[in-house]
Amino acid sequence: MCYDLSEPDVNEEQCSGLYYSDDTLKQLDGYAYAENCREVNNTPKRCNVDCGLGQECQVIDGEEMCVCSEESCFSTDSSSSKYNQQPLCASNNMTFSSQCLMEAWKCMKQQSGLYKKYDGECQKDCRNVKCPRETVCLLVKNTGEPFCYPKKHCNPTKDPEPVCGTNGITYDNICSMRLSPDAEGRTPELAHKGPCESKCRANLCQSNERCVYSLQSLPVCIRCQYPPRFFAHSGECSQNIQTCGDDGHLYKNYCALLRGQCEKNRYIHIIDYNTCPNNMNTMRKIFFRNKINYINRFPNFRMK
Numbered sequence: 000m001c002y003d004l005s006e007p008d009v010n011e012e013q014c015s016g017l018y019y020s021d022d023t024l025k026q027l028d029g030y031a032y033a034e035n036c037r038e039v040n041n042t043p044k045r046c047n048v049d050c051g052l053g054q055e056c057q058v059i060d061g062e063e064m065c066v067c068s069e070e071s072c073f074s075t076d077s078s079s080s081k082y083n084q085q086p087l088c089a090s091n092n093m094t095f096s097s098q099c100l101m102e103a104w105k106c107m108k109q110q111s112g113l114y115k116k117y118d119g120e121c122q123k124d125c126r127n128v129k130c131p132r133e134t135v136c137l138l139v140k141n142t143g144e145p146f147c148y149p150k151k152h153c154n155p156t157k158d159p160e161p162v163c164g165t166n167g168i169t170y171d172n173i174c175s176m177r178l179s180p181d182a183e184g185r186t187p188e189l190a191h192k193g194p195c196e197s198k199c200r201a202n203l204c205q206s207n208e209r210c211v212y213s214l215q216s217l218p219v220c221i222r223c224q225y226p227p228r229f230f231a232h233s234g235e236c237s238q239n240i241q242t243c244g245d246d247g248h249l250y251k252n253y254c255a256l257l258r259g260q261c262e263k264n265r266y267i268h269i270i271d272y273n274t275c276p277n278n279m280n281t282m283r284k285i286f287f288r289n290k291i292n293y294i295n296r297f298p299n300f301r302m303k
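Under this note's numbering, think of the first position of the sequence shown as 0, with each following residue one higher.
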């Protein structure tokens, strides 16, 4: 006897009871029965509710519920499996083979803030990152991670005045500087407002800034006064990704490098993340390359 049959002539997928049979049910002494009874698979049955990417609807204790499910990304009868089947890099720097799998992982781990940074596998820098139109690949200053920055987020009309970058180049405005990365996605920082100058002077920096020199002896305005909670609770300091400065020191994180600038009274340029060159030759090459570029632009300038 097939007990708990949901309806006559149902298949396994449709059956909500314990057993099913494809045979026609027959009546015997007031009871329905069928031959070739088979147990229903123990996996919960899907229902018809659209739960979105990375989830599926299942009947649990008689109720339709949306549950996290990587299987929904591969099921032939699921719309999730047909959506955006290409690898992507998520904001946690994990590569997922599809957006559906990212959404399933996000659901299971309860990581509501997870989002797609860019298509393709996660990269160390911007050289192999293909950003959508109207975005530009930049490296996050405190982590060195590439991300696609929307150009519209930088409004040149808010700061239309020329500025000097830490690379010794004068830009029309701060947006022009921020949206001019090199091949790896590195952008210069703001050295000071106005055209580039060769030395520190009064009023070159803001009242809460200190004028120091970079390795190339260029004046840079740095900040050394922060709110008490900045180093303990700011987003810049929350990522303990080691940062290598052009002073040859590997700092605990970006904020430790900021402290180092104030302690050493000089601007420290970020060379790399999580590692420093084995010797100083690499940094010397960078120094002399920048020196030559600067002298070519300012023939009357002499390095200190």
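Yeah, the Cβ is synthetic: ideal placement off N, Cα and C, and Gly gets one too. Computed from a predicted model, the values in this text were never measured in an experiment.
Which class does residue i belong to by DSSP, given the choice of helix, strand or coil?
i: K157; result: coil
i: R200; result: coil
i: E38; result: strand
i: N299; result: Caution applies to N299, whose pLDDT of 45 falls short of 50 and renders its modelled position unreliable; the value that the coordinates give is listed next. The answer is coil: DSSP assigns N299 none of H, G, I, E or B.
i: C243; result: strand
i: C72; result: helix
i: A89; result: strand
i: Y19; result: strand
i: N289; result: Bear in mind that a pLDDT of 49 at N289, under 50, signals an unreliable position, so the model cannot answer this.
i: N277; result: coil
i: E11; result: coil
i: K151; result: helix
i: C125; result: helix
i: I294; result: Its pLDDT being 45, under 50, I294 is placed unreliably in this model, and the value from its coordinates should be taken loosely. Three-state result, I294: helix.
Does the CB of residue i have a neighbour CB from chain C at under 8 Å?
i: T134; result: Absent from the structure is chain C; it holds one protein chain and no more.
Could you tell me which residues DSSP puts in a beta bridge with residue i?
i: P145; result: L138
i: E55; result: V66
i: V219; result: V211
i: Y306; result: Outside the shown range of the chain (0 to 303) lies residue 306, about which nothing can therefore be said.
i: L249; result: C243
i: Y170; result: V162
i: T94; result: C88
How is the beta strand (DSSP E) around residue i delimited, first residue to last?
i: R209; result: 208 to 212
i: E102; result: That residue, E102, is in no beta strand (DSSP E); its alpha helix (DSSP H) goes 98 to 108.
i: H191; result: 189 to 192
i: C163; result: 162 to 164
i: C236; result: Here C236 belongs to no beta strand (DSSP E); instead the alpha helix (DSSP H) covers 234 to 237.
i: I269; result: 269 to 272
How is the alpha helix (DSSP H) around residue i delimited, first residue to last?
i: C254; result: 253 to 263
i: C174; result: 173 to 177
Looking at C-alpha atoms only, which residue of the options is the closest neighbour of residue i?
i: T169; options: E235, E70, L189; result: L189
i: P187; options: K108, K198, I173, E62; result: I173
i: T94; options: M107, K123, A33, M176; result: K123
i: S216; options: R185, H232, I267; result: I267
i: S175; options: D158, C210, Q98; result: D158
i: N252; options: P155, I240, R258; result: I240
i: L137; options: V48, R185, D49, K105; result: R185
i: W104; options: K116, S68, D118; result: S68
i: N202; options: L214, Y212, C220; result: C220
i: C46; options: Y117, V211, V66; result: V66
i: K116; options: L100, V162, C147; result: C147
i: H191; options: E38, C121, N207, S74; result: N207
i: T165; options: E38, R265, Q54; result: R265
i: N154; options: D171, L17, V139; result: D171
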